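Student: First the structure, which I've put down as structure tokens, then a few questions once you've had a look.
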Amino acid sequence: MKHLVAAAVLVLVVVSVPLCVSQLHFPIHEHSHVTFPMIKQRTLYKEYSPYWELEHNPKRKMALLIDDMQEEHRTYFSPRAVQQAQKILAAFRRHNLPIIWSFWSRTYGDGRQGSVDRFYGDTGLGSSANPCYVWEADGLKLMPEVAPHYSHEWDNTVASDHYDMFSNLGKHGESVVWEILKGNDVDTVIVVGAWTDMCILTTALSAFQKEYDVIVPRDAVGTPTPHGRSALEILNSVCCHTFPVAEIVHFLDHGRHPANETVASA
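Reading the sequence shown from the start, the letters are residues -22 to -1, 1 to 244 in mature numbering (1 follows the signal peptide of the UniProt record, and there is no 0).
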């Protein structure tokens, strides 16, 4: 009889243990990587967006990166996108802030080979439609509406063979763009140009990884693909604001976001 009672108690304990453990509340530090499968885990947000706002730092030192706005890509931009790029360029000149231009420099048969060549292969070569190369006779030329005007501006022009503007290197292996930004104590980078889902996306992510606050004005970019809007949504959820040009220009001219100015004067 004693043996039967002992066995019953043992079975009761074994069966009860999982029930007890599943009801316990373990204190877990929010940075802990320890997880307990039987405990309900915290639910992450479905969407994220930047916490910081322009006015959080009224003394921002901004730089404008004009990415591959050249004749080869003219048809990728709406007339309004070109106008918005002109407006923000004028504002940066007005405030004497750093501006850097790039132009996609790859041409068919230039002797350079890399990951972009391998990615696109011979797609569109017969119809001059391979995205790796500039095909138009004046395709390398920067669009006059947003091109450098002064000699010091031409000094800040980079021939690009990488999606990411920061990946274009100088004579000593330095990032040309990054050196200019560091030399001007920049903390916020604005990226306009083409393609939204290639060069703009990678340049914005690269700037973010280098600890810059980043803005890609959604009305000053363009792409020939159907993925431009998706690229902007991804960028806004992982690394940058997509303010329209008017808000950035207003901040440069008045030191505050126009929406907050309205609230302040109410």
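Quick reminder that beta carbons are idealized off the backbone N, C-alpha and C, glycines included. For clarity, every value in this text was computed on a predicted model and none was experimentally measured.
Under 8 Å by Cβ, that's how I've got T203 and A172 pegged, so tell me the actual separation to the nearest angstrom.
Tutor: Contact flag wrong, Cβ pair sits at about 10 Å.
Student: Quick one: residues in its chain with C-beta nearer than 8 Å to the C-beta of R58, no 5 flanking neighbours on either side, listed in chain order?
Tutor: D197
Student: Could you give the distance in angstroms between the alpha-carbon of M176 and the alpha-carbon of A69?
Tutor: Going by the C-alpha atoms only, they are around 26 Å apart.
Student: Less than 7 Å between C-beta atoms, sequence neighbours within five positions excluded: which residues of the same chain meet that for A224?
Tutor: none
Student: In terms of residue numbering, what span does the alpha helix (DSSP H) encompassing A68 cover?
Tutor: P57 to R72
Student: Could you check the C-alpha separation between L32 and F229 for me, to the nearest Å?
Tutor: 7 Å
Student: Return the bridge partner residues of V192 from the DSSP annotation.
Tutor: Partner(s): V167.
Student: Ordered along the chain, which non-local residues of its own chain (more than five positions away) have a Cβ less than 6 Å from that of residue 257?
Tutor: Absent from the structure is residue 257, since the part of the chain shown begins at -22 and ends at 244.
Student: Under 8 Å, with one C-beta from each stretch per pair, do the stretch 76 to 95 and the stretch 104 to 122 reach the 3-pair mark?
Tutor: Because the criterion of three Cβ pairs below 8 Å is met, the stretch 76 to 95 and the stretch 104 to 122 touch.
Student: If I'm right that M139 touches T181 with Cβ under 8 Å, what's the distance once you round it to whole angstroms?
Tutor: Note that residue 139 corresponds to Asp in the displayed sequence, not to Met. With 8 Å as the limit, D139 and T181 do not qualify as a contact, their Cβ atoms being about 14 Å apart.
Student: For the alpha helix (DSSP H) containing A198, list its first residue and its last residue.
Tutor: For A198, there is no enclosing alpha helix (DSSP H), as DSSP gives it neither H nor E.
Student: Among the candidates V192, I78, R38 and L179, whose CA atom is the shortest distance from the CA of H127?
Tutor: Among V192, I78, R38 and L179, the Cα nearest to that of H127 is on I78.
Student: Measure the C-alpha to C-alpha separation of Q61 and E25 and round it to an integer number of angstroms.
Tutor: 31 Å
Student: Would you kindly work out how many angstroms separate the C-alpha atoms of N74 and V155, rounded to a whole number?
Tutor: Using only the alpha carbons, I get a separation of about 17 Å.
Student: M176 by DSSP, collapsed to three states: which one?
Tutor: helix
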